[in-house]
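*Asks:*
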Amino acid sequence: MSAQLIKGTDIREEILEELAKEVQDIKDKHGKVPGLVTILVGENPASQSYVSLKIKTAHRLGFNEVQDTQPDTISEEELLGLIDKYNKDESIHGILVQLPLPKHIDEKKVLNAIDPDKDVDGFHPVNVGRLMIGGNEVKFPPCTPAGIQEMIIRAGVETEGAEVVVVGRSNIVGKPIANMMVQKGKGANSTVTVVHTRTKDMESHCKRADILIVAAGVPGLVKPEWIKPGACVIDVGVNRVGEKPSKKDPNKMVPILRGDVDFDTAKDIAGYITPVPGGVGPMTITMLMRNTVRSLKYHLGIA
Ligand code: GUN
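Those letters in the sequence shown? Residues 543 to 845, per my numbering, in order.
1. Which whole-angstrom value describes the C-beta separation of leucine 673 and glycine 664, a residue pair presumed to lie in contact below a C-beta threshold of 8 Å?
2. Just the C-alpha distance for glycine 849 and aspartate 567, rounded to the nearest angstrom, thanks.
3. I need the straight-line Cα distance from valine 565 to phenylalanine 682, nearest angstrom please.
4. Does the beta carbon of cysteine 748 fall short of 7 Å from some heavy atom of the ligand GUN?
5. Between alanine 757 and glutamate 705, is the Cβ-Cβ spacing less than 8 Å?
6. Which of the three DSSP states, helix, strand or coil, is assigned to lysine 786?
7. Give the straight-line distance between the Cα atoms of valine 844 and histidine 635, rounded to the nearest whole angstrom.
8. Look up glutamine 612 in the DSSP assignment and give the residues it is bridged to.
9. What's the call for valine 734, buried or exposed, on a 16-neighbour Cβ count within 10 Å?
10. If you check the beta carbons only, do proline 819 and valine 780 fall under 8 Å apart?
11. Excluding the 5 residues preceding and the 5 following glutamate 618 in the sequence, name in chain order all residues of the same chain whose CB lies nearer than 8 Å to its CB.
12. Please determine, among Val835, Thr828, Leu842, Leu838, the residue with the shortest C-alpha to C-alpha distance to leucine 558.
13. Measure the alpha-carbon distance for leucine 799 versus lysine 627 and round it to whole angstroms.
14. DSSP on asparagine 721, reduced to helix/strand/coil?
15. For glycine 716, which of helix, strand or coil comes out of DSSP?
16. Please look up how many angstroms separate the CB atoms of asparagine 629 and aspartate 657, rounded, as I've assumed it's under 8 Å.
17. With the cut-off set at 8 Å, would you say leucine 838 and lysine 574 are in Cβ contact?
18. Roughly how many whole angstroms lie between the Cα atoms of lysine 726 and glycine 676?
19. Taking the straight line between their C-alpha atoms, what separation do you get for glutamine 609 and histidine 666?
20. Compute the Euclidean distance between the alpha carbons of alanine 562 and leucine 603, then round it to the nearest angstrom.
21. So, at 7 Å on beta carbons, what are the nonlocal neighbours of valine 668 in its own chain, with the 5 sequence-adjacent residues on each side left out?
22. Within the same chain, show all residues whose beta-carbon is closer than 7 Å to that of histidine 841, passing over the 5 residues directly before and after it, in chain order.
23. Identify every residue that forms a DSSP beta bridge with threonine 735.
24. Excluding the five sequence neighbours on either side, which residues of its own chain have a C-beta within less than 8 Å of the C-beta of isoleucine 597, listed in chain order?
25. Taking all protein chains shown into account, do 16 or more other C-beta atoms lie within 10 angstroms of the C-beta of asparagine 713, making it buried, or fewer, making it exposed?
26. Report yes if the C-beta of cysteine 774 is less than 7 Å from at least one heavy atom of the ligand GUN; otherwise report no.
27. Below 8 Å CB to CB, which residues in the same chain sit around glutamate 613 once its five sequence neighbours on both sides are set aside?
28. Can you pull the DSSP bridge partners for cysteine 685?
29. Who does aspartate 663 pair with in a DSSP beta bridge?
30. Tell me valine 698's beta-bridge partners as DSSP assigns them.
The structure is reproduced here in structure tokens:
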């Protein structure tokens, strides 16, 4: 293996330690802690597990963390009422509605009802607009793209003038990370290309990339020969390709996860690479915590 591994699990620990200190410092000086509410509708097992990890992490940092679990029979109107309640609650600085929502609820309507100044997911159109403007306008960068940028910065990868190729154009990863890398500022100032399912020659674009960010959700989409030797490869794909017995409890099955890049061959060509699992994944919740601390700081006028 020649590539340097960029481990999200290690960077997460670094950032959480920094945040814990910051939370304690704000508490000592201002007597306030960040408040985060996570609204979970229904019993989707993946959502339950994400939410429980979010709550556990918030607890570890000394947040006022609230998990509001609602049955999947909740009406859209009731859910909107709940959001209104948390919008007005001064002890809450971050509101997160776990997606997906049941089919009878209009996701867009719900996300748009969250106060943009408490929207720590960064999904509200106001925050999408702020991200597009860049600089000091940005309040809550969306968590996965923010995690990707932080990994690139902390690994010491040069972004200034770099050719960045983003594979995938989703609203939660592809489009925002492309927008962030093209902005002026630290960890950005790059030349960005976005490729997607309708791109004519994906391979030729990927081959040019100094930084290749892959968020397509297709296991093994990026072939090793598409990677420029020495490039930084960020694999956002988390694809379930089967099941295996758990190491902790062999009677329990756990998913086998694969990225969008074939790690075993890519690691001998790339200069830097993120593993799957343990790469970008752990960064998403970490950035959610950072956004919630930021929200408190904005509310206190100390950001
Ligand atoms: N479901 C899967 N990922 C996310 C996320 O980052 N935020 C929210 N709100 N829901 C999700």
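Positions of the beta carbon are idealized from the N, C-alpha and C atoms, including for glycine.
*Replies:* The answer reads as follows:
1. Stepping through the sequence shown from its first residue, residue 673 is reached at position 131. Stepping through the sequence shown from its first residue, residue 664 is reached at position 122. So it is a contact: roughly 7 Å between Cβ atoms.
2. Residue 849 cannot be examined here, being either before or after the span of the chain that is shown, 543 to 845.
3. Counting from one through the sequence shown, the residue named residue 565 turns up at place 23. Counting from one through the sequence shown, the residue named residue 682 turns up at place 140. Between the alpha carbons of valine 565 and phenylalanine 682 lies a distance of about 18 Å.
4. Residue mapping note: residue 748 aligns to position 206 of the sequence shown, counting from 1. Not one heavy atom of the ligand GUN is found less than 7 Å from the C-beta of cysteine 748.
5. Position 215 of the sequence shown, counted from the first residue, corresponds to residue 757. Position 163 of the sequence shown, counted from the first residue, corresponds to residue 705. The beta carbons of alanine 757 and glutamate 705 sit no closer together than 8 Å.
6. Counting from one through the sequence shown, the residue named residue 786 turns up at place 244. If DSSP states are grouped into helix, strand and coil, lysine 786 belongs with the strands.
7. Residue mapping note: residue 844 aligns to position 302 of the sequence shown, counting from 1. Residue mapping note: residue 635 aligns to position 93 of the sequence shown, counting from 1. At residue 844 the sequence reads isoleucine, which differs from the valine that was named. Rounded to the nearest angstrom, the two C-alpha atoms are 14 Å apart.
8. In the sequence shown, the residue the question calls residue 612 occupies position 70. Per DSSP, the beta bridge partners of glutamine 612 are Val583.
9. Stepping through the sequence shown from its first residue, residue 734 is reached at position 192. Around the beta-carbon of valine 734, 16 or more other beta-carbon atoms lie within 10 Å, marking it buried.
10. Locating residue 819 in the sequence shown gives position 277, counting from the first residue. Locating residue 780 in the sequence shown gives position 238, counting from the first residue. Annotated as proximal: proline 819 and valine 780, with beta-carbon spacing under 8 Å.
11. For the purposes of this step, residue 618 is taken as residue 76 along the sequence shown, with counting starting at 1. Excluding sequence positions up to five before and after glutamate 618, its CB lies within less than 8 Å of the CB of His646, Ile647, Asp648, Lys651, Val652, all in the same chain and listed in chain order.
12. Position 16 of the sequence shown holds residue 558. Comparing Cα-Cα distances from leucine 558 to each of Val835, Thr828, Leu842, Leu838, the minimum goes to Thr828.
13. For the purposes of this step, residue 799 is identified with residue 257 of the sequence shown, where counting begins at 1. For the purposes of this step, residue 627 is identified with residue 85 of the sequence shown, where counting begins at 1. Taking the straight line from one Cα to the other gives about 39 Å.
14. Residue numbering aside, residue 721 sits at position 179 when the sequence shown is read from its first letter. Reduced to three states, the DSSP call for asparagine 721 is helix.
15. For this step, residue 716 is matched to residue 174 along the sequence shown. In the three-state scheme derived from DSSP, where H, G and I count as helix and E and B as strand, glycine 716 is classed as helix.
16. In the sequence shown, residue 629 corresponds to position 87, counting from 1. In the sequence shown, residue 657 corresponds to position 115, counting from 1. Taking the Cβ atoms as the reference, asparagine 629 lies roughly 4 Å from aspartate 657, within the contact range of under 8 Å.
17. Residue 838 sits at position 296 when you count from the first residue of the sequence shown. Residue 574 sits at position 32 when you count from the first residue of the sequence shown. Contact flag set, yes.
18. Residue numbering aside, residue 726 sits at position 184 when the sequence shown is read from its first letter. Residue numbering aside, residue 676 sits at position 134 when the sequence shown is read from its first letter. Using only the alpha carbons, I get a separation of about 8 Å.
19. If you number the sequence shown from 1, residue 609 lands on position 67. If you number the sequence shown from 1, residue 666 lands on position 124. Straight-line measurement puts the Cα of histidine 666 at about 21 Å from the Cα of glutamine 609.
20. Within the sequence shown, residue 562 is the residue found at index 20, counting from 1. Within the sequence shown, residue 603 is the residue found at index 61, counting from 1. Cα to Cα, alanine 562 sits roughly 5 Å from leucine 603.
21. Numbered from its first residue, the sequence shown carries residue 668 at position 126. Sequence-distant Cβ neighbours of valine 668 in its own chain, meaning closer than 7 Å and more than five residues away, are Pro658.
22. Start at 1 with the first residue of the sequence shown, and residue 841 comes out as number 299. Around histidine 841: His635.
23. Here residue 735 is taken as the residue at index 193 of the sequence shown, counted from 1. In DSSP, threonine 735 forms a bridge with Val707.
24. Taking the first residue of the sequence shown as position 1, residue 597 is located at position 55. In the same chain as isoleucine 597, and ignoring 5 residues on each side of it, the C-beta atoms closer than 8 Å to its own belong to Thr580, Glu607, Gln609, in chain order.
25. Mapped onto the sequence shown, residue 713 falls at position 171. Taking all protein chains shown into account, asparagine 713 has fewer than 16 neighbouring C-beta atoms within 10 Å of its C-beta and is therefore exposed.
26. Within the sequence shown, the letter at position 232 stands for residue 774. Between the ligand GUN and cysteine 774, a heavy atom-to-CB distance of less than 7 Å is absent.
27. To locate residue 613, count along the sequence shown from 1; it is residue 71. For the record, residue 613 in the displayed sequence is proline; it is not glutamate. Same-chain partners within the cutoff: Val583, Gly584.
28. Residue mapping note: residue 685 aligns to position 143 of the sequence shown, counting from 1. Residue pairing for cysteine 685: DSSP places it in no beta bridge.
29. Here residue 663 is taken as the residue at index 121 of the sequence shown, counted from 1. Beta bridge pairing from DSSP links aspartate 663 with no other residue.
30. Here residue 698 is taken as the residue at index 156 of the sequence shown, counted from 1. According to the sequence displayed, residue 698 carries glycine and not valine. Per DSSP, glycine 698 has no beta-bridge partner at all.
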